[in-house]
Amino acid sequence: MSNSYWQPLNMANGGLGIEITRGEQAHLYDSNGKKYVDGYSGLWNVTLGYNDEDIIEAIVRQVKQLPYVNPITLKTPIVSEVSDILCKITHDNISKIVYTCSGSEAIEAAIKISRKYSAMKGKNRKKIAVMENSYHGSYYGSMSASNYEEAEKEGYGPMLEGFISLPLPFSRKKKGNVLDDKEKQYLLQQLEEILETNKDTLCSIIIEPVLASGGVIPLFPEYIYKISEFCKTNDILFVCDEVATGFWRTGSIFCFKKYNIKPDIITISKGINNGYLPLGAVCICQKIEKLFEQNGKILFHLSTQNANPICIASALATLKKMNSGDIQAKAENLIKEFQDVISENLVNLNFVSEVRQVGLMIAIDLVQSLEGNVPIEEKNLYGIVRKCFDKGCIVGMAYSTNISSAILIFPSYIMSNNDVKEVIKIVKESIMEELHKED
Ligand SMILES: Cc1ncc(COP(=O)(O)O)c(C=O)c1O
635 MSNSYWQPLN MANGGLGIEI TRGEQAHLYD SNGKKYVDGY SGLWNVTLGY NDEDIIEAIV
695 RQVKQLPYVN PITLKTPIVS EVSDILCKIT HDNISKIVYT CSGSEAIEAA IKISRKYSAM
755 KGKNRKKIAV MENSYHGSYY GSMSASNYEE AEKEGYGPML EGFISLPLPF SRKKKGNVLD
815 DKEKQYLLQQ LEEILETNKD TLCSIIIEPV LASGGVIPLF PEYIYKISEF CKTNDILFVC
875 DEVATGFWRT GSIFCFKKYN IKPDIITISK GINNGYLPLG AVCICQKIEK LFEQNGKILF
935 HLSTQNANPI CIASALATLK KMNSGDIQAK AENLIKEFQD VISENLVNLN FVSEVRQVGL
995 MIAIDLVQSL EGNVPIEEKN LYGIVRKCFD KGCIVGMAYS TNISSAILIF PSYIMSNNDV
1055 KEVIKIVKES IMEELHKED
């Protein structure tokens, strides 16, 4: 096997050494013909499965017809069509769509737009508030905006300056406990203090409505309302990062819709085109568009492949499918099926401290013992993930000190009920074997 490929987030010679050669629905096949059920839908992006004929056909048609145009000087009819759809399905204040090649790049653009907006308003505020434990990508700007373990950033600095953290509304609990009213009040008060202190220097606040890589941690509604209201009152831009949560992942087309709020900027990627080609987007509200217009300013953000027609064609085919109603029904069925199978097989296990499921984002938090509520070690989480792979099931993990030590399942929406049972069976067996516990 060749050894020259360096996989992301791996040691130079790391990785599991698995070569995948074929995909079918929610399954992958490696070079030895071994079949895997994919409980992670690629990297949460292949929401409609690996061989969606409609999307594949749209891509092939577009490659033949027109594979590229210079995005600065030219555009295609399909980019206008997709932009109109995105404006329509986000909210009525969204008036412009900027395309990127990834979620990280969408966040970079959102950071730049936030600062430019403030500069054009004559305020020149530079600070951006982000959630503790959030993940927004790994480019310089998006890495600076992210709040993963400091060790991960070590030596790559200097990072982009000006980010402050908002307290994570979560505490590691014993089984079944959630934040009570008193804890929520305390968190809201802490949030308010930080916001008030930084009011005159903040240009935007970026949130993931459900922390994804952070371990499926939803922000409670009052927390989101407070941020939204604060932004509105102080002309600070409210940026909702829907890269992970968008396109029905949480059971709603976008997660922000559940809260009846209207973010000024929405960043999207992953499910936008079933993950078949690199594509992200920044959805921008009218007041930002108008300010650029009034000031006679261009938006200085470009990558040669922004709005590539093939990527856009894959998005158009995906969005048409997503809006058909059929996908929503399938996702709803799957959400319920996972709930049922998990509650039958996992929630009562002694070493499962909590299962957090938001739509089709699932974290199974694991402890060494419930009594001490001590999270399992990172090496054991790796061990469980490895065992799942060995047994033919792909899952992920989220480990952050004192917050989460969880197995992650983010399935595609087209998985069968049998696949759900298979995933949970394998996860359960792997947990038991790794932790040497009895049922
Ligand atoms: C919430 C969120 N924002 C941004 C990103 C970065 O997206 P990408 O990996 O496409 O650069 C991710 C990736 O997982 C994400 O989950």
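Residue 864 in this note's numbering sits at position 230 of the sequence shown, with consecutive numbering throughout. Where a beta carbon is used, it is the ideal one built from N, C-alpha and C, also for glycine. Keep in mind the model is a prediction, meaning the values are calculated, not measured.
Residue burial classification, residue i (beta-carbon count within 10 angstroms, cutoff 16)
| i | result |
| --- | --- |
| proline 1009 | buried |
| aspartate 1073 | Here aspartate 1073 scores only 48 on pLDDT, less than 50, and its place in the model should not be relied on; the value that follows carries that caveat. Burial call: exposed. |
| proline 792 | exposed |
| leucine 1000 | buried |
| threonine 831 | exposed |
| valine 1057 | buried |
| aspartate 1053 | buried |
| glycine 909 | buried |
| leucine 650 | exposed |
| tyrosine 1047 | buried |
| isoleucine 728 | buried |
| glutamate 876 | buried |
| methionine 777 | buried |
| isoleucine 1043 | buried |
| glutamine 823 | exposed |
| lysine 904 | buried |
| arginine 759 | buried |
| tryptophan 678 | buried |
Ligand 1 heavy atom lying under 8 Å from the CB of residue i
| i | result |
| --- | --- |
| aspartate 960 | no |
| histidine 770 | yes |
| threonine 901 | yes |
| glutamate 783 | no |
| alanine 763 | no |
| isoleucine 741 | yes |
| glutamate 1080 | Nothing can be reported for residue 1080: it is not among the residues displayed for the chain, which extend from 635 to 1073. |
| serine 847 | yes |
| valine 1074 | Here the chain covers residues 635 to 1073 and nothing more, so residue 1074 does not appear. |
| valine 1029 | no |
| threonine 681 | no |
| threonine 884 | no |
| glycine 914 | yes |
| glycine 737 | yes |
| serine 776 | yes |
| glutamate 766 | no |
| alanine 997 | no |
Within 9 Å, strictly: CB atoms of residue i and residue j
| i | j | result |
| --- | --- | --- |
| leucine 682 | isoleucine 689 | yes |
| alanine 878 | glutamate 842 | yes |
| glycine 676 | valine 1061 | no |
| cysteine 874 | isoleucine 762 | no |
| asparagine 929 | methionine 754 | yes |
| phenylalanine 888 | methionine 956 | no |
| glycine 848 | asparagine 767 | yes |
| glycine 775 | lysine 746 | yes |
| tyrosine 859 | tyrosine 893 | yes |
| glycine 914 | glutamate 739 | yes |
| glutamate 1011 | serine 1039 | yes |
| alanine 743 | threonine 901 | yes |
| lysine 818 | proline 803 | yes |
| glycine 657 | asparagine 685 | yes |
| isoleucine 654 | leucine 662 | yes |
| threonine 1035 | glutamate 826 | no |
Contacts around residue i, its chain only, beta-carbon distance under 8 Å, and the 5 residues preceding and following it disregarded
| i | result |
| --- | --- |
| glutamate 687 | none |
| valine 713 | Tyr733, Ala941, Pro943, Ile946 |
| asparagine 637 | Asn647 |
Residue i CB to nearest heavy atom of ligand 3 below 8 Å
| i | result |
| --- | --- |
| tryptophan 678 | Absence of ligand 3 is noted for the structure shown, with ligand 1 being the only ligands found. |
Own chain residues within Cβ distance below 6 Å of residue i, not counting five before or after
| i | result |
| --- | --- |
| histidine 725 | Lys896 |
| cysteine 735 | Pro912, Ser937, Gln939 |
| isoleucine 861 | Ile839 |
| serine 717 | Ile731 |
According to DSSP, residues forming a beta bridge with residue i
| i | result |
| --- | --- |
| lysine 669 | Tyr663 |
| cysteine 919 | Ile728 |
| phenylalanine 797 | Ile762 |
| valine 986 | Leu1000 |
| glycine 1030 | Leu1042 |
| aspartate 875 | Thr901 |
| glutamine 991 | Ile996 |
| valine 844 | Pro852 |
| serine 717 | Paired residues: none, contrary to the question. |
| glutamate 658 | His661 |
| isoleucine 839 | Ala763, Phe872 |
| glycine 914 | Thr734 |
| proline 629 | Residue numbering for the chain in the displayed model covers 635 to 1073; residue 629 lies beyond these limits and cannot be assessed. |
Sequence-distant residues of the same chain with beta carbon closer than 7 Å to residue i, five excluded per side
| i | result |
| --- | --- |
| valine 992 | Val844, Val850, Pro852, Thr884 |
| methionine 1049 | Ala660, Leu968 |
| lysine 1021 | Ser1064, Glu1067, Glu1068 |
Any chain B beta carbon closer than 9 Å to residue i
| i | result |
| --- | --- |
| serine 847 | Among the chains in the structure shown there is no chain B, since it carries only a single protein chain. |
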